[in-house]
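Under this note's numbering, the first residue of the sequence shown is numbered 1, with each subsequent residue one higher.
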Amino acid sequence: MISFSFKKLSDKDLVIGLQTDPLQSRRYENILYERFSSLVKLGIRKHGLNEEESINVYSDTILAAIKQIKNQSFEQRSELKTFIFKIFSNKCVDQYRKTTTNKSTGLQTIDLNDYSAIIPDNQTILQSLIQQSEIQLIYQKLELIGQKCQLLLKLWNEGFTDEEIMDSLAYNSTDVVKSSRQRCLSKLKDLVFNSTQV
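Rendered as structure tokens:
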């Protein structure tokens with residue numbers, strides 16, 4: 001009967017269990033790990049990690065999430081999947097940076113398809129950045145546009161629909177998602193453009 005109820009746990013109950021039930025802590029942690037394990041494939045497909053790297057990043061993500069949930073840093077303003085995705089996405093970027101830094105002290109290569117959507121209205125800037133191996137500039141500028149903008153653009157670049165983004169980030173409508181995305185893109189383009197001016 002206990003195992004059945006554990007399998008049927010809602011995300012909210014899972015969070016409460018991690019925060020208040022130390023005797024069953026290991027079970028709650030295992031459920032959390034299994035619930036979002038599909039992110040491992042996303043790390044391989046979208047972030048260019050190998051399987052071992054993606055599994056390690058996912059494990060680190062769950063450990064970080066558990067720590068934040070237990071010390072009540074996660075205030076449940078967003079859905080649990082959004083919270084986990086955000087941590088995972090940031091750790092994938094960190095792993096990618098580490099890998100490219102270790103592999104080469106010279107020029108870094110990047111797949112244009114991964115970033116072509118980020119600055120669609122000004123491809124010349126993006127082309128120039130890639131040709132000059134300055135893709136790190138985009139990462140740096142993404143960190144300056146605010147967490148919600150960052151996550152919105154990451155979800156969009158991962159191929160999530162406006163409706164999925166609306167649900168994940170608690171926007172009121174897909175129109176708000178579109179206008180917010182345009183605002184975020186405009187901020188990012190301004191930061192990138194200003195950084196390329198000498």
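Beta carbons: idealized from backbone N, C-alpha and C, even for Gly.
Model, not experiment: these values are computed from the prediction.
Check: With 16 as the cutoff for other CB atoms within 10 Å, does Ala170 come out buried or exposed?
Finding: To locate residue 170, count along the sequence shown from 1; it is residue 170. A residue is called buried once 16 or more other Cβ atoms fall within 10 Å of its Cβ, and Ala170, having fewer, is exposed.
Notebook entry, point to check: Which residues in the same chain have their Cβ closer than 8 angstroms to the Cβ of Asp21, if we skip the five residues on either side of it in sequence?
Noted result: Here the question's residue 21 lines up with position 21 in the sequence shown. Closer than 8 angstroms at the Cβ level, and outside the excluded window around Asp21, lie Tyr28.
Item checked: Other residues of its chain near Val40: CB distance less than 6 angstroms, five sequence neighbours each side excluded -> Position 40 of the sequence shown, counted from the first residue, corresponds to residue 40. Within the same chain, Cβ atoms closer than 6 angstroms to the Cβ of Val40 are found at Ser54, Ile55, Tyr58, the five residues on either side in sequence being excluded.
Next item on the list: Could you give the DSSP three-state label for Gly146: helix, strand or coil?
Entry: Locating residue 146 in the sequence shown gives position 146, counting from the first residue. Here Gly146 sits in coil by DSSP.
Next item on the list: Note down, in chain order, each residue of its chain lying with its Cβ closer than 6 angstroms to the Cβ of Val15, except the 5 sequence neighbours on either side.
Entry: To locate residue 15, count along the sequence shown from 1; it is residue 15. Counting only Cβ-Cβ distances below 6 angstroms, and skipping sequence neighbours, we find Ile69.
Checklist line | Endpoints, alpha helix (DSSP H) assigned at Gln72 | finding: Within the sequence shown, numbered from 1, the residue matching residue 72 stands at position 72. Taken as a continuous stretch (DSSP letters only), Gln72 belongs to no alpha helix (DSSP H), as it is neither H nor E.
Checklist line | Test: Glu52 CB closer than 7 angstroms to a CB of chain B | finding: Annotation note: the requested chain B is absent from the structure, which comprises a single protein chain.
Next item on the list: Please report the residue range of the alpha helix (DSSP H) in which Glu79 lies.
Entry: Position 79 of the sequence shown, counted from the start, is the residue given in the question as residue 79. For Glu79, there is no enclosing alpha helix (DSSP H), since its DSSP letter is neither H nor E.
Check: Does DSSP classify Asp167 as helix, strand or coil?
Finding: Here residue 167 refers to the residue found at position 167 of the sequence shown. DSSP, reduced to helix, strand and coil, places Asp167 within a helical segment of the structure shown.
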